[in-house]
Amino acid sequence: MIGSLRNKISRTLSDYRMVAPGDLVVTAVSGGPDSVCLIDCLSALSEEFQISLVVAHFDHGLRPDEDAADTAFVHRLAASLNIPCITNPVPPRITPKGSEEEKARTARYRFLEDVRRQTRGRRIAFGHTIDDQAETVIMRLLRGSGCSGLAAIPPVRGKFIIRPMIRISREEVEAYLAARGLDYMLDSSNTGTRYLRNRIRSELMPLLKKYQPRLVERLANTADIIRGDDECLESMAVSWIDRHGLLHQTRQQIPISRWRQLHPALRMRVLREFINKAGSLRKIDTRHLKAIERLAASSSPQGVINLPGGMTAQRSYDKLLITRETFQQNPFRYEIKGPGTFVITDIGLKIDIQEQPRAGPPAETPNQADFDMDILSFPLVLRSFRSGDRFVPLGMQGSKKVKAFFIDIKLPSPERATTPILTSGGRIAWVCGFRLDERFKINENTKRKLRISIERLH
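Just so you know, we're using this note's numbering here: the sequence shown kicks off at 7 and counts up by one.
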């Protein structure tokens, strides 16, 4: 039993390339049977894989009668294996929003990441087993999870988290500990029925095993299959985002018309990826995704939906914006007394003003404009858009409200506040990046030409 279990863990480490020679692996050890088995096996395999270990024990501060004993036990265990042990010195004040279980999980992961950084560790190892995998599939199925949720616990997550025991059953763990004569601690909170996972473990799983004795293996295999499909969808979504998605200041931006052409499954995955980039998918479920989809499909050109985690989804014409915080640009005004190059860090803009040969090539991009230098007079003022602004768009005879111009070109409302307006003598000369004023253009009588260019710095 001892050799066969270690061999399974060794194969898992190799199959998923969980570690490399020289890696320091921070091992989460609660003192329970799974984590005791994990650290004992990793210690035995450390020479084979050329890795070093650090034990990290987190005291949640939720069980005063048991926590101190658990901490002392983990210290003794680590010492017996000659492995350094790090614990949080004071039970944390768990303050994030959410259930007690979620708060404790968040604080624990934060502690483990702190230990990894402190020790310059390359991996954080957890003792999740195949039974944990099966229970997670059931739990997420009951909650109505989609593909990503039913993929359950990945053997490797992100750059740092590994689960070497994900193919090991709880029964194998108990047999290994008995064969090795290893003690472990029991968490009383795991035996109650307060938490859904405990009820699934103690009530639902035994019932389902009457219908399928190999239930755990079947559910774990299903999770593996779904994870493969999930990874394929994720790859397709990331590829689409690379081609069509835009990052504008603090917002993720989706072109709605292109997005709605996608297959519904890929469309939802793209949306999930955008939300994850803007903030987090925690607490985002199908209801939120469907609400965003309805917003994008509505006949109204604008609208806003509040999402969990302080995020918003905003529809603005053909653009869907996902942001963690509502972006608000304060009004700005800057005076420019003459030609030169100026960097305005407050609004993230670089502006270059230079005299050009009259016969030289015309402006080549929307971020450049040529002016009659005898009509445009200094000082110039670069300011934010104001209600009631009017100008004469290039090619038109009469004036037009700048707001109406923005509506015509379908400029999203958040971008209107950040679009610089260049004025001369109190008159708008250029809606920067979009349209020159007819009154300041180069004509047959122009003797001197002024080229003004703008560049966004972020």
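We treat Cβ as the ideally placed atom computed from N, Cα and C, and that holds for glycine. Please read these numbers as outputs of a predicted model, since none were measured by experiment.
- About 5 Å separates the beta carbon of isoleucine 57 from that of valine 25, a gap short enough to meet the 8 Å contact definition.
- Taking the Cβ atoms as the reference, threonine 135 lies roughly 6 Å from arginine 176, within the contact range of under 8 Å.
- Straight-line spacing of the CA atoms in arginine 17 and proline 418 works out to 53 Å.
- Taking a 10 Å sphere around the C-beta of methionine 379, we find 16 or more other C-beta atoms and assign the residue as buried.
- Between the segment 27-41 and the segment 75-91 there are three or more inter-stretch CB-CB distances shorter than 8 Å, so the stretches are counted as touching.
- When the five nearest sequence neighbours on each side are left out, the beta carbons in the same chain lying within less than 6 Å of the beta carbon of phenylalanine 348 are those of Ile357, in order along the chain.
- Three or more beta-carbon pairs separated by less than 8 Å are not found between the segment 70-77 and the segment 205-221, which leaves the two stretches without contact.
- Shown here, alanine 34 sits in a strand according to DSSP, grouped into three states.
- The beta-bridge partner set that DSSP reports for alanine 319 consists of Ile311, Ile328.
- Taking all protein chains in view, the Cβ of glutamate 370 is surrounded by fewer than 16 other Cβ atoms within 10 Å, so the residue is classified as exposed.
- Contact fails between the segment 285-304 and the segment 385-400, because fewer than three Cβ pairs, one in each stretch, are under 8 Å apart.
- Secondary structure of isoleucine 232 (DSSP, three-state): helix.
- Contact check for isoleucine 174 and isoleucine 159: beta-carbon distance about 13 Å, past the 8 Å limit, so the pair fails to qualify.
- Contact between the segment 187-199 and the segment 273-284 is absent: fewer than 3 CB-CB pairs across the two stretches fall below 8 Å.
- Secondary structure in the segment 334-415: the beta strand (DSSP E) runs of 3 residues or longer, each lying completely within the stretch, are 339-342, 346-350, 355-362, 374-378, 386-389 in chain order.
- By the C-beta criterion, the segment 261-269 is judged not to be in contact with the segment 225-232, since fewer than 3 inter-stretch pairs fall below 8 Å.
- Only residues of its own chain outside the window of five on either side were considered, and among them none has a CB closer than 8 Å to the CB of arginine 300.
- Counting C-beta pairs closer than 8 Å gives three or more between the segment 334-344 and the segment 378-393, which meets the contact rule.
- Secondary structure of serine 52 (DSSP, three-state): helix.
- Phenylalanine 440 is not a Cβ neighbour of leucine 382, given a cutoff of 8 Å.
- Aspartate 414 counts as exposed, since fewer than 16 other beta carbons sit within 10 angstroms of its beta carbon.
- With 16 or more other Cβ atoms inside 10 Å of its own Cβ, methionine 145 counts as buried.
- Taking C-alpha positions only, arginine 200 is separated from leucine 156 by approximately 23 Å.
- With respect to the 8 Å criterion, cysteine 438 and isoleucine 427 are classified as neighbours on the basis of their beta carbons.
- Restricting attention to Gln374, Arg203, Asp324, the CA atom closest to the CA of arginine 266 is found in Asp324.
- Exposure of proline 372 is indicated by the presence of fewer than 16 other C-beta atoms within 10 angstroms of its C-beta.
- The beta-carbon distance between glutamate 180 and proline 39, rounded to whole angstroms, is 6 Å. This is short enough to meet the 8 Å contact definition.
- Counting C-beta atoms within 10 angstroms of its own C-beta, valine 310 has fewer than 16 neighbours from the protein chains shown and is therefore classed as exposed.
- Histidine 294: member of the alpha helix (DSSP H) spanning 292-303, first to last residue.
- Beta-bridge partners assigned by DSSP to leucine 428: Leu388, Trp436.
- In the same chain as phenylalanine 377, and ignoring 5 residues on each side of it, the C-beta atoms closer than 6 Å to its own belong to Phe446, Leu456, in chain order.
- Spanning the alpha carbons of arginine 123 and arginine 116 requires a straight line of approximately 11 Å.
- With 16 or more other CB atoms across the displayed protein chains lying within 10 angstroms of its CB, histidine 294 is buried.
- Assignment of glutamine 259 by DSSP, reduced to helix, strand and coil, places it in the strand class.
- Distance between threonine 452 and arginine 364, taken at the CA atoms: about 8 Å.
- Inclusion of glutamate 178 and leucine 11 in the CB contact set at 8 Å is warranted, their separation being smaller than that value.
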